[in-house]
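The structure appears right after this line, and notes come after that.
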Amino acid sequence: MAVHRGSARAAPASDKVQKNKPAQTSGLKQGSRMAKIFGFEWADLSSWQSVVTLLNRPTDPANLAVFRFLFAFLMLLDIPQERGLSSLDRKYLDGLDVCRFPLLDALRPLPLDWMYLVYTIMFLGALGMMLGLWYRLSCVLFLLPYWYVFLLDKTSWNNHSYLYGLLAFQLTFMDANHYWYPDRSTPE
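What the sequence shown shows, in full-length UniProt numbering, is residues 1 to 188, in sequence order.
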């Protein structure tokens, strides 16, 4: 019976907390539609210091991990199709002339066997990026062959090809490997 009395006494106290709770929240300003959609207000963009504060606020790393995973996965699909791994023997026959970028006439394709190695390194780099294994090394292993292959032939590239290279360059300097990665040094 003592337990019942204790719980009965606790019930009015919990009611009191619940009664005060709406009173406390009613004094707070409700967020605007922009804050609900984007997570910040126009006032956060009013000065340089507030923009820097907004950009440096703590955020959930899952979004960056999903971006890293999807970008690298799409690059894994892109290497055989768009970058030409599936048609490498037709694309880089020894001595075949290709249209070059201006000021990069000295850049020549390697022999066909070595081009397969370049594409394999690029593929393994994208796979490492996707899985988060040896992340910075994987980014460099993807990035360097990507730009080499990109700058070899001007005729087969679109504007979004620059974007892929720039995104890979940015991912190299981001800490996108701190979430969803298997090579953790300390257990959680």
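Glycine included, C-beta positions come from ideal geometry on N, C-alpha and C.
Would you identify the three-state DSSP class for Met130, choosing helix, strand or coil? helix
Taking all protein chains shown into account, do 16 or more other C-beta atoms lie within 10 angstroms of the C-beta of Ala176, making it buried, or fewer, making it exposed? buried
Hey, how far is the Cα of Leu54 from the Cα of Tyr116? Rounded to whole angstroms, the gap between the alpha carbons of Leu54 and Tyr116 is 45 Å.
Run through DSSP, which three-state label would residue 230 get? Residue 230 lies beyond the range of the chain shown here (1 to 188); nothing can be said about it.
Could you check the C-alpha separation between Ile121 and Pro145 for me, to the nearest Å? 7 Å
DSSP three-state assignment for Ser46, whether helix, strand or coil: Secondary structure of Ser46 (DSSP, three-state): coil.
Would you kindly work out how many angstroms separate the C-alpha atoms of Trp147 and Asp153, rounded to a whole number? 11 Å
Tell me whether Met75 is buried or exposed, calling it buried when 16 or more other Cβ atoms sit within 10 Å of its Cβ. buried
How would you label Phe169, buried or exposed, when you count the other beta carbons within 10 angstroms and need 16 or more for buried? Counting C-beta atoms within 10 angstroms of its own C-beta, Phe169 has fewer than 16 neighbours from the protein chains shown and is therefore classed as exposed.
Identity of the residue in Arg68, Ala43, Glu41 and Val51 nearest Leu133 by Cα: Checked all of Arg68, Ala43, Glu41 and Val51; the closest Cα to Leu133 is Arg68.
Within 10 angstroms of its Cβ, does Ala62 collect 16 or more other Cβ (buried), or is it exposed? Classification of Ala62: exposed, given that the 10 Å Cβ count is below 16.
For my contact list, Met130 and Cys139 are in at a C-beta cut-off of 8 Å; report their separation, rounded to the angstrom. So it is not a contact: roughly 11 Å between Cβ atoms.
CB Phe142 to CB Gly125, shorter than 8 Å? yes
Using the rule of at least 16 other Cβ atoms within 10 Å of the residue's Cβ for burial, across every protein chain shown, is Leu107 buried or exposed? exposed
Beta-carbon proximity list for Phe73, same chain, < 7 Å, skipping 5 on both sides: Cβ within range, chain order: Met130.
How far does the alpha helix (DSSP H) with His160 in it reach, from first residue to last? Asn159 to Phe173
Which same chain residues end up closer than 7 Å to Leu167 when comparing Cβ atoms and leaving out the 5 residues on each side of it in sequence? Phe71
Under the three-state reduction of DSSP, which class applies to Asp105: helix, strand or coil? coil
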